[in-house]
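Notes follow once the structure below has been shown.
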Amino acid sequence: MVAVFEAVLVAGSGLTAARAIRSLSRMRVKSVAVHITADGGALHARAADDSLLLGSDPSAYRDVAALVEAAHVGGVDAVYPCDDLAEDQAAAAGVAGAGLAWVGASAAALAAAGRIAGPPTGVVVAIAVLADRRIVTLGAIRRDAEETRLVMDLPPGQDRAARAAVEHIDLTGACWVVVEGGSSGAGTDDVPFVHAIGARLPADHAVLELATGIDIVETQLRIAAGERAAFDADEPPARRAAAGLPIRADGTIAVWPRWEKEPGNDDAVRIDAALRVGRPVTAPAGTVIGYAAAAADSADAAVERAREAVAQLRRRSTS
375 MVAVFEAVLV AGSGLTAARA IRSLSRMRVK SVAVHITADG GALHARAADD SLLLGSDPSA
435 YRDVAALVEA AHVGGVDAVY PCDDLAEDQA AAAGVAGAGL AWVGASAAAL AAAGRIAGPP
495 TGVVVAIAVL ADRRIVTLGA IRRDAEETRL VMDLPPGQDR AARAAVEHID LTGACWVVVE
555 GGSSGAGTDD VPFVHAIGAR LPADHAVLEL ATGIDIVETQ LRIAAGERAA FDADEPPARR
615 AAAGLPIRAD GTIAVWPRWE KEPGNDDAVR IDAALRVGRP VTAPAGTVIG YAAAAADSAD
675 AAVERAREAV AQLRRRSTS
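First residue of the sequence shown? That's 375 in the numbering used here, and the numbers climb one at a time after it.
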């Protein structure tokens with residue numbers, strides 16, 4: 375596999391940083407993490423090929439000058455921003471201004487997206503996209519009261535309308551669009567309009583990756599390097615039923631256990647972790663410390679499989 379970059383700085387910590395480093399390792403691209411003093415033993419810092427100390431203050435993860443300096447020290451070509459940083463216009467502009475590739479939406483696109491955003495008043499659905507000056511719809515995410523995520527197909531008319539709503543914006547590097555559907559009540563198709571545009575790796579990305587077989591992080595990196603997405607914008611990737619659940623610190627997992635895939639489910643169940651195996655869970659209650667995703671022949675079966683994976687983790691933590 376030809377490397378899109380020689381080295382990439384992963385600007386962030388936790389689940390997203392660890393996830394990005396995993397793809398970089400598979401692509402044989404050098405990963406350079408950053409960490410604060412308290413995170414020296416964190417999963418992302420240990421998993422990366424190199425990790426640079428930013429200081430002791432957690433705010434250092436969003437200090438653009440410090441990140442640019444770390445990028446130069448680490449000899450990287452690009453910066454992969456995590457979480458809120460991916461939607462920070464000043465960070466996008468600062469990294470690009472320093473001559474580094476920014477893996478995500480540009481400062482101009484983020485500014486345009488900000489002007490569109492407004493409070494939702496109707497039914498909202500997040501549509502995951504991968505944009506390389508085309509809008510490639512991967513699928514829509516539905517979230518229920520239990521935080522279960524399900525991948526849905528959009529009706530063709532809604533898909534086209536969603537694309538038309540953002541076609542005037544350079545969405546290169548964007549990851550998701552939130553559209554709000556309104557109906558006349560006369561049985562017509564919902565007509566969506568843009569509520570918000572996001573550039574960060576979606577929290578639900580594991581579900582989409584299992585549903586489509588696409589490595590979203592790798593595709594982001596290739597788009598940032600100037601390549602086109604390896605699938606047709608007019609013919610989205612084939613999907614299978616997939617569902618996911620965030621795993622939160624709630625007292626039921628005291629120490630992060632080793633995950634062992636069940637025989638026959640190697641490509642059907644996935645656990646993304648923010649912690650190293652054997653590390654105690656000390657995060658505040660409610661903090662997302664992992665994500666379970668599963669694919670199956672039906673949505674109901676995928677939900678059940680994801681729930682069983684979380685239950686298995688809890689059992690392993692106490693055994």
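Every residue gets a Cβ at the ideal spot worked out from N, C-alpha and C, and that includes glycine.
Note on T411: under 16 other CB atoms within 10 angstroms of its CB, so exposed under the neighbour-count rule. Taking a C-beta distance under 8 Å as the contact criterion, Q463 and L484 qualify as a contact pair. In the DSSP annotation of this structure, the continuous segment of the beta strand (DSSP E) that includes R644 starts and ends at V643 to A647. With respect to the 8 Å criterion, L428 and A444 are classified as neighbours on the basis of their beta carbons. Contact between the region 617-627 and the region 659-672 is established, with three or more Cβ pairs separated by less than 8 Å. In the same chain as S399, and ignoring 5 residues on each side of it, the C-beta atoms closer than 7 Å to its own belong to S405, in chain order. For the beta strand (DSSP E) assignment, the uninterrupted runs of no fewer than 3 residues enclosed by the region 437-468 are, from N- to C-terminal side, 452-455.
In the DSSP secondary-structure assignment, V629 is bridged to P654. CA-to-CA, the gap between D646 and L426 works out to about 23 Å. Beta-bridge annotation (DSSP): P620 is paired with Y665. In this structure, the CA atom of A422 is about 10 Å from the CA atom of V403. Rounded to whole angstroms, A648 and F379 show a C-alpha spacing of 25 Å. By the CB criterion at 8 Å, R614 and A585 fall inside the cutoff. Taking 8 Å as the cut-off, the beta carbon of A675 is found no closer than this to the beta carbon of A616. DSSP places A580 in the uninterrupted alpha helix (DSSP H) bounded by H579 to T586. The alpha-carbon separation between A452 and L474 amounts to approximately 5 Å.
In this structure, V655 and A628 form a Cβ contact; the two beta carbons are roughly 6 Å apart against a cut-off of 8 Å. Under the three-state reduction of DSSP, V591 is assigned to helix.
The Cβ atoms of E461 and G572 sit closer than 8 Å to each other.
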